[in-house]
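Below is one structure, written out as structure tokens; the observations come after it.
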Amino acid sequence: MRKWQFSLLMVSLTVNLCESDQRIPCEVNLEEGVRYRKVSWYKVEDDSEQPTGLVIKNLQKNKTVLYRDVSPPYTIDDDLSLVIPETQKVCTTYICCAWPPLGHRIQEWKQNYPTGCQRPMKWQSQQVADEEEAQRVLAREGYAAKLFNSGSIDKQFHWLVGGLTCASVFIIAVVGVVYQWYTRRLSNNQNRSKAEPLL
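Residue numbers for the sequence shown follow our numbering, beginning at 1388 and rising by one.
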């Protein structure tokens, strides 16, 4: 059976906010013609491997929601950039995730910055075919499966199981009807052969 392909475009970049740069662009290459569902921003502190959720924007409803206990309030601009309040002066790694509908390949684009928040020294680009491989890549980079929308994955799994169950019931019903038709026909043929006189 073909695995479901879960989709996510992710870019990880570190910026120097010490120079009053309060805007971080989400530099993912969005696929043309694809209607993305949401954009989420995370940050990864130097002393932690786990990302901390900052803000999510529902692109279809144009609604922004902050993660719990996030302060100060972050916002996401129309160009998907993270807008950071001027009071926040932190050099850290920020992660932007653009979530397309199912059926699109996961693409990870990452900029690695050296200590001191200088210009990028290394560019990496990688395509990931399915959820398992994506989780391996994220775990290798320290961004464990927290970034995945597990509720969405569970929902799709339930749809798949429901679809397979309906298909199984349909096949069993068809086999039952065919079996009844065949046994009736066989019975009729036997009755007919008994009723016919021998010449």
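Built from N, CA and C at the ideal position, the CB exists for glycine as well.
Member of Thr1480, Pro1488, Thr1570 whose CA lies at the smallest distance from the CA of Glu1436: Comparing Cα-Cα distances from Glu1436 to each of Thr1480, Pro1488, Thr1570, the minimum goes to Thr1480.
Rounded Cβ spacing between Val1442 and Tyr1461 (contact assumed at less than 8 angstroms): The distance from the Cβ of Val1442 to that of Tyr1461 is about 4 angstroms, consistent with a contact at the 8 angstroms cut-off.
Assigned exposure category for Tyr1429 - 16 Cβ within 10 Å defines buried: Tyr1429 comes out buried.
Nearest to Gly1420 (by Cα), restricted to the options Leu1453, Pro1487, Gly1563: For Gly1420, the nearest C-alpha among the options comes from Pro1487.
Simplified DSSP state of Trp1482, which is helix, strand or coil: In the sequence as displayed, the identity of residue 1482 is Ile instead of Trp. Secondary structure at Ile1482: strand, using DSSP grouped into helix, strand and coil.
Own chain residues within Cβ distance below 8 angstroms of Arg1572, not counting five before or after: Listed in chain order, the non-local C-beta contacts of Arg1572 below 8 angstroms within the same chain number zero, local neighbours out to five positions each way being set aside.
Selection from Glu1418, Ser1427, Val1564 that minimises the alpha carbon distance to Lys1450: The shortest Cα separation from Lys1450 among Glu1418, Ser1427, Val1564 belongs to Ser1427.
Arg1572 in three-state terms, based on DSSP: Secondary structure at Arg1572: helix, using DSSP grouped into helix, strand and coil.
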